[in-house]
Structure formats: C-alpha cells, structure tokens
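Numbering (UniProt numbering), first residue to last: 1 to 301. For every residue, glycine included, the Cβ atom is placed at its ideal position computed from N, Cα and C. Note that this is a predicted model, so its numbers are computed, not measured. To keep things clear, I will list the structure first and then write my remarks on it.
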C-alpha cells in the first residue's frame, strides 16, 4: 500500500500512518527517501523509525545531480537497509540497491557494473557481435553510430548514463545539456543522408557537394557536416584500438568484467598502468587503414 508522501514531520499524518500499520499489519514498511534532501534525511528517517518502525528504505531521484549521500544517513541513524533505488519515473527505473556501487557513485568513481548491465538489456548479443566485427575491421558507419546513440538513450537520461561512468563525476548539468544538444544535431544530419552515404562515409569525405546538400537539408552548416564526418573517422581508429586492448579483441561479459575489476584492485601498484601503456602501441602500428586519407575532404563530386 502506498501512503501519502511527506517531506516534513506532521503529527496528524504520523498518527494516520500508525493507524494504517495497525490495521494492515504489513510485513514490510519501506520509507521513500528523496536523495536530494541530503543530510536532512537523517532527521526524517530517525522520526519515522521511532514513531512507525520501518524495515527498510527506497532512495529516489538518483537520476538528478545528487550523488546519494543520503544513503549513509539512512543506514547510520536507523540501522535498516536500503532495499531499492529509483533513477527515474518508470517502473523499470526502480532497481536493487548495491552498497559497493553506491559508494562508487558517492566518491565520483561511477558504476561500471550497472552500466554494463544496462547495455546488455538494450543490446542483443547478435548486435554486439556484429558491431564488434565492424569495429575491428574499421567499417563502423553512420548507421552503427545512430543505432548506438539510440541504444544509449534507452539506457536512461544522459545524466544517468554519465553518472555510471568512472571519472565523469565532475561533468556539470550544463555540459550534459550541451552534449545532448550536440547529439541531436548529429542525428538530424545523419537522418538526411542517403543509405549509401550512411554505409560509406568515404563518399562524404571525398565530396563537398554531398556535404553541402546534407547541410542544406538538415538546416546545419557545411562546417558542422565536415566535423561530423571527421569525427566518425576518428571514432573508427579509437574504437578499433580500444577493442584491441581488450582480451581477444572482444566485448567482455559482465562476469569477466567483475573478475577484471577485482584483479585490478588486487594488483601491485603500477602493474595495470604499465600494461595499458605498452599494449596500445602495438595497435596503432596497423591502424593506418582506418584513418581518412590525406585527400580527406577532397574535390571529388
């Protein structure tokens, strides 16, 4: 049963909750805590636990700017566990609570495991394998780019996705809005491309006339179209090298990633860093074919 919400202590409403609990005799009494309230949550949790007696809590609004520090208050003052977290308005945005992942969020270290789980939910294994082959052969095209940006959108808001990525804790809401705006601009340009142009971005790299047409039809500038094409070629090189340093050049399964994270934490200081510096150099030696030619944006029509 869902009762009326409240952010302030109100005696009349507390008495009402006591009556509801006495009549229903529920097995679970969960207090919904707003992550945006910060340390004010401590007083709220203390009062509810003393007056009503809670069995746990649900931490909501983690899709906002808050890192979830209120989670510490709930456990400290009540001794009761946080059982679920809410990252949006939909039912699928309600997830189990993992203390280690919340610790990473609070410290600004991201939540890699949740990111991988969400990615697995929105991408089929067959699609992942096809994408892997195209990346390794440097044939990643605009259709793939569009498919991946829309898959990321299905994972949740950009602020939520960025919040799960390590090292992104300092990204501001203004920067996230700018990134969302840039993605929409890119999508609008890709959507007016012909099927051949999407599959063969080399056609755009070699034809100013094609880039001019796309700029006119999408309402953008020729410079923006040229930047988009250049970015795709840069992505081909970077993604191929990133895949190359992964084990066997493949996308790791969740279980493999968990083992890798644990082994990295147990490794002697400096071991992982030396490995990362040495391996990429091998990959750049044979990645020249993925780079745009010096003619790049030449004069072919």
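Annotation for residue 95: the continuous beta strand (DSSP E) segment containing it runs 94-96. Only residues of its own chain outside the window of five on either side were considered, and among them 77 have a CB closer than 6 Å to the CB of residue 46, listed in chain order.
Take the alpha-carbon of residue 73 and the one of residue 162: they are about 25 Å apart. DSSP places residue 57 in the uninterrupted beta strand (DSSP E) bounded by 56-60.
Between residue 57 and residue 80 the beta-carbon gap is near 6 Å, inside 8 Å, which marks them as a contact. Using a Cβ distance threshold of 8 Å, residue 198 and residue 142 count as a contacting pair.
Straight through space, the alpha carbons of residue 13 and residue 236 are spaced by roughly 59 Å. Less than 8 Å separates the beta-carbon of residue 187 from that of residue 146. Within the region 23-52, the complete alpha helix (DSSP H) runs of at least 4 residues fall at 40-51. Residue 29 places its beta carbon 8 Å or farther from that of residue 60.
Assignment of residue 80 by DSSP, reduced to helix, strand and coil, places it in the coil class. For residue 202, the enclosing alpha helix (DSSP H) covers residues 202-206. Pairing residue 54 with residue 21 gives a Cβ-Cβ distance that is not under 8 Å. Looking at the DSSP output, residue 86 bridges to 94. Secondary structure at residue 171: coil, using DSSP grouped into helix, strand and coil. If you draw a straight line from the Cα of residue 175 to the Cα of residue 11, it is about 43 Å long. Per DSSP, residue 124 lies in no alpha helix (DSSP H) and is assigned neither H nor E.
Here residue 192 really is in contact with residue 217; their C-beta atoms are around 4 Å apart, less than 8 Å. Between residue 242 and the set 36, 215, 75, 135, the nearest pair of CA atoms involves 135.
Boundaries of the alpha helix (DSSP H) harbouring residue 142: 142-154, taken from the DSSP string.
Taking a 10 Å sphere around the C-beta of residue 41, we find 16 or more other C-beta atoms and assign the residue as buried. Contact between residue 201 and residue 225 is absent: CB atoms are separated by about 11 Å, not below the 8 Å threshold.
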